[in-house]
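First residue of the sequence shown: 1, per full-length UniProt numbering; consecutive thereafter.
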Amino acid sequence: MKILKVEFENINSLKGFHEIDFSEEPFLTNSLFAITGPTGSGKSSILDVISLALFNHVPRLGKITRNEIQSKGAILTRNQKNSMARVTYESNNGVFSSQWSIEVNRNGNLNDYEMEIHDHHSGKLLDLKKSMVPNKNEELIGLNYDQFIKAVLLAQGEFAQFLKAKKEERGELLEKITGTGIYRRLGIKAFEKNREANRDIQQQQNEIQIIQRDLLEEEIINKYRFDLKEKTRLAQTYQQEVENINKAIQLKQEINSQSQEIEKQKNAQSKANLDLEKFEAEHGLPLKQHEKVQEEADNLREWKQLKKHFSELDTQKKNIANSLETNHKQQQELLGRTLKITRKEVTASNIEEQLYTFRDTVLELQETKKNKLNSYSAKRDQLQVELRNTGFHFDEQELGNSVSNLESELKNTTDKIENLCNRLGINAETDLQLKQDQLRSQIKKARKASKIFTGILNQKNEIERIKKEIQKEESRIKDLPGKIKERNTETKSAKQHLENAQLKKENLLLKASLEEHRKKLNDGEPCPLCGSEHHPYAHELTPGDNELEKKITDLEKQFQNSNRLLHQLEAEFSSLEKKQKELQDQLSQYQLKFDEKRNEFAEKYSEFSKFNDLEEIEKTAEKLEANLEILAGLEKLKLNEKAFSNALPLAGELKNILNQGKSLKKELDLLYTGKNIQNEVQEIANKWSRIQQEKLNLNERLLENRKRIDESSKELVQIENHLKGFIAESDFNQISEAWQALIPETEATKLRNERQVIVKQIDDSKASIKLLNDQLLKLKSLDTETEKIKLQEQLAERNLQLNSLSNSSKELERILKNQEDRLKRMEVLKLQIEEKEKQTKRWRLLSELIGDSKGKQFNDFAQDLTLSQLLKLANVRLQELSDRYLIDKPDLEEDDGLVAIDEHMGGQRRSVKTLSGGETFILSLSMALALSDLASKNVEINSLFIDEGFGTLDPETLDQTLDTLEKLQAESSKTIGIISHVDSLKERISTQIQLSRNGQGYSSLSIK
């Protein structure tokens, strides 16, 4: 797997869009590069971009969510609206780009993040939900997040600490570095699982003991079974007796109920007879009378209908007569209203003609008046247009005075024009426009000359300012070369002192390199290596050596401070030289522009060259503008004169139209004073027409009414003659009496049904009484002589005996059931214990092998295997970096620290604590590469990043380290990135990704 390109926008302090393309120069020819910049500039943010784009994880924060960004202010650059991270990588499956992005919506809230993968071979996005993207990258790369972090980001610094740690500390560090804490958790889990399984079995065994204590003896159980059988037999006998007694009691109750029902039916029969008598008293006679007139019912109803119809026709006749009278009154009212409007005699025959003639006369006068008003408005508007720019007020209310004032204003304006032309010596008709054009041209030229002259003065002032600034900078730069030379000498001296002290320290350390062996030496005993009996370095460094360490520290600070001041002086000198050159360039440009503008002014505005300052040019322009204003006033007077001349005839016409309008109004007011003649005449005509039509309709209705009265009268006489014969033969005196005897058929039917229901109730009661008496005789034949109360006493006694037997039987059944349940429960528990012992055997064996309460046993075993595998891979890597050392675990007789095998010293084994800084770095780097190999399994990793470990190396060790890294890169063709702020590393590695911060807290990125 190889990273080809990293792109990101607004990540942490790196504001804006940035791109690092490892497939282009300078990375193609220099695959070892440095990521440099001050603390907090965003070096580690580049690594965050890679893990964020691939797995939505950042090593320092974990999984990234919208809430994580909002609560911690992480990822998204301050005051920005969006953020993006994209990584293009190559794997065995092809070339892919994985992108993570988030943005702020228009409400100022963060949307949820988005993730996608682009396949460069197909040119399409993979169809994935954002939650599926990290898993897809894991599939394409062959590494999950934890493996990727270990394989690509080398933990060299942690391994440097790991190499020199004690055994207990080494286990904890190895667990942290490799992420193998799962073995400790497995050991704890095995212990807890076994404890939990044993706890369940013990609880079940305790339960069996409790059940055994509660079990009854077999002899007692057999006695309980015999007693239960006897009680059950006796209860069956008693139960049969109870059923017989209940039947006897039930029979006596049925006889009693039957007797009561007979009495109830007799009472119902008596009530029905009374209801029939009451019905006949209330409705018998009317129903009988109704039956008598039933044969003439239709004729009687027809007679009643004709009587009602005849009455309605008479009422209608009276209503028509009243309407005709109202119609006549309305006609008279309209004739009177027309007379009042037209002031002429009108009749029913000529009312419409008189109305329309009068209307036409009024409308003609109104139209004439309207035309005069329109003419007046048009003339008035024309007059106002003429006078709108003169300031003259024409008062319509005082029309005569306004005309006189207009004549006076015209005369005054003409006089003013004549006087002004005489004073200026011009002809207003021919010279005015020409004179104005000349003055405008002169004013424009004067103003332009003033502007250019101002520019010339500004250029001159700027030239003077730049000259003063150049003099000021020359005085500042004058002393700097001497100061730089002096500071350079001091820096070289400080560096020489520091190098001497460091050389002295290295000599002392070289003498003490066999520190571990010296600890075993005793004074007076010969050294197995050199034979000396005096061992001055067998113990810690002397106080003098500690003073050397302090001196080196002070010299380092002195050298760094002197070197910093030297760089500051050199930067200041370079800055001043650059600024002085820029000022000289500015001076040349301003001088050139000054000369150009001065020559242009002399050439184009020669008439103003005689003036010495800007004020004189301004005064000339102001004088020309004053003359132009006088001519503008003359032009205004000429326009007013023309307007007054045009307005005067219009004012006379307005006066004539106004007089004519007054005469028309007077004539119209005498003829008609209403509001709308057209509507009023039309209203009267419409009402007159409606009243006439209404009169015609009423007369037609009156004739029809008379006709229908005659017809109805004949029909009524005919049917009355028929009914009089029926009345004569009946016991009725009049037709009306026969009509009143007639009941509505629905009511008559209701009464008939009501009588029939009562009769049926009487018949049903008689039948029921007979049937009940027969049943009562049959029941009495089955009855016993024993009284009911005696039977009830016998029943109560047997029920008490049954209840007692039932309670004692239930108690025996409960005891026997409990005994049976306990035995069954014991069998179940024994089977469960047997099964659980089979199931938990694996947990017991697993706990015995790897389990303990802290997980230490299995963790130590797993860490030992991991360390062996890691050391094996590290030695393979170490052979690629150096042929001198191998790493091994300590033997039993050695201390618990890791051992370095020195091949150059015949395979000598010595503690890694005795190695120099450069040697320690090589071993720790091989361990980091081994972890990368272990994490990546079968995936080839061609992009590595080292983010720690260089700040603590001295210059010589740093050179050795860089030699090692260059060798690693050359032999493996990997892209290796080193993140550091060490200055000497920047000088050694030519390809750099440089980050710098500005005053606002943002960082910028450049590739060198």
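Note that beta-carbon positions come from the ideal geometry of N, C-alpha and C, so glycine has one too.
Alpha-carbon spacing of residue i relative to residue j, whole angstroms
{"i": "Ala272", "j": "Arg755", "result": "10 angstroms"}
{"i": "Leu795", "j": "Lys229", "result": "24 angstroms"}
{"i": "Phe358", "j": "Phe392", "result": "46 angstroms"}
{"i": "Ile20", "j": "Pro26", "result": "11 angstroms"}
{"i": "Arg465", "j": "Ile46", "result": "48 angstroms"}
{"i": "His283", "j": "Leu751", "result": "8 angstroms"}
{"i": "Arg337", "j": "Glu680", "result": "11 angstroms"}
{"i": "Ile709", "j": "Arg690", "result": "29 angstroms"}
{"i": "Asp731", "j": "Asp763", "result": "36 angstroms"}
{"i": "Lys714", "j": "Gln305", "result": "14 angstroms"}
{"i": "Asn371", "j": "Ser404", "result": "27 angstroms"}
{"i": "Ser882", "j": "Thr975", "result": "20 angstroms"}
{"i": "Arg825", "j": "Phe858", "result": "40 angstroms"}
{"i": "Ser768", "j": "Ile262", "result": "8 angstroms"}
{"i": "Leu439", "j": "Glu625", "result": "8 angstroms"}
{"i": "Ser926", "j": "Gly40", "result": "29 angstroms"}
{"i": "Leu668", "j": "Ser311", "result": "59 angstroms"}
{"i": "Gln260", "j": "Leu779", "result": "14 angstroms"}
{"i": "Glu302", "j": "Asn322", "result": "31 angstroms"}
{"i": "Lys266", "j": "Phe726", "result": "48 angstroms"}
{"i": "Asn676", "j": "Phe394", "result": "34 angstroms"}
{"i": "Leu324", "j": "Thr361", "result": "35 angstroms"}
{"i": "Glu291", "j": "His309", "result": "27 angstroms"}
{"i": "Ile11", "j": "Glu618", "result": "60 angstroms"}
Per-residue DSSP class, three states only, for residue i
{"i": "His328", "result": "helix"}
{"i": "Ala74", "result": "coil"}
{"i": "Thr975", "result": "strand"}
{"i": "Thr914", "result": "helix"}
{"i": "Lys478", "result": "coil"}
{"i": "Gly16", "result": "strand"}
{"i": "Gln994", "result": "strand"}
{"i": "His904", "result": "helix"}
{"i": "Glu24", "result": "coil"}
{"i": "Glu90", "result": "strand"}
{"i": "Ser513", "result": "Its pLDDT being 46, under 50, Ser513 is placed unreliably in this model, and the value from its coordinates should be taken loosely. Coil at Ser513, not helix or strand."}
{"i": "Leu892", "result": "coil"}
{"i": "Ser804", "result": "helix"}
{"i": "Ser943", "result": "strand"}
{"i": "Ile3", "result": "strand"}
{"i": "Leu873", "result": "helix"}
Whole-number beta carbon distance between residue j and residue i, since they are thought to touch under 8 angstroms
{"i": "Ile249", "j": "Leu791", "result": "5 angstroms"}
{"i": "Glu90", "j": "Leu4", "result": "6 angstroms"}
{"i": "Leu565", "j": "Arg487", "result": "6 angstroms"}
{"i": "Asp214", "j": "Arg822", "result": "6 angstroms"}
{"i": "Leu878", "j": "Leu886", "result": "6 angstroms"}
{"i": "Ser990", "j": "Gly37", "result": "So it is not a contact: roughly 17 angstroms between Cβ atoms."}
{"i": "Ser712", "j": "Leu313", "result": "6 angstroms"}
{"i": "Ser97", "j": "Asn137", "result": "Not really, about 11 angstroms apart at Cβ, beyond 8 angstroms."}
Residues that DSSP places opposite residue i in a beta bridge
{"i": "Met84", "result": "Glu9 and Ser101"}
{"i": "Tyr590", "result": "Paired residue(s): none; Tyr590 is not in a bridge."}
{"i": "Val115", "result": "A small fix is needed here, since residue 115 is Met in this sequence, not Val. Trp100."}
{"i": "Thr36", "result": "Gln994"}
{"i": "His57", "result": "Lys63"}
{"i": "Ile887", "result": "Ala900"}
{"i": "Ile1007", "result": "Ile993"}
{"i": "Phe226", "result": "DSSP lists no partner for Phe226."}
{"i": "Arg598", "result": "For Arg598, which the question treats as bridged, DSSP gives no partner whatsoever."}
> How do the stretch 838–855 and the stretch 888–898 stand: do at least 3 beta-carbon pairs fall below 8 angstroms, yes or no?
Replying inline: no
> Are the stretch 731–746 and the stretch 257–271 touching, with three or more C-beta to C-beta distances below 8 angstroms?
Replying inline: no
>> Tell me whether the stretch 74–93 and the stretch 5–17 touch, counting them as touching only if at least three CB pairs, one residue from each stretch, are closer than 8 angstroms.
In response: Yes, the stretch 74–93 touches the stretch 5–17.
> How do the stretch 100–110 and the stretch 59–70 stand: do at least 3 beta-carbon pairs fall below 8 angstroms, yes or no?
Replying inline: yes
> When the Cβ atoms of the stretch 310–327 are set against those of the stretch 770–779, are three or more pairs found closer than 8 angstroms?
Replying inline: Too few Cβ pairs lie closer than 8 angstroms, so no.
> Is the number of C-beta pairs between the stretch 796–805 and the stretch 186–193 that are closer than 8 angstroms three or more?
Replying inline: Contact fails: fewer than three Cβ-Cβ distances are below 8 angstroms.
>> Pairs of beta-carbons, one from the stretch 373–387 and one from the stretch 629–647, closer than 8 angstroms: are there three or more?
In response: yes
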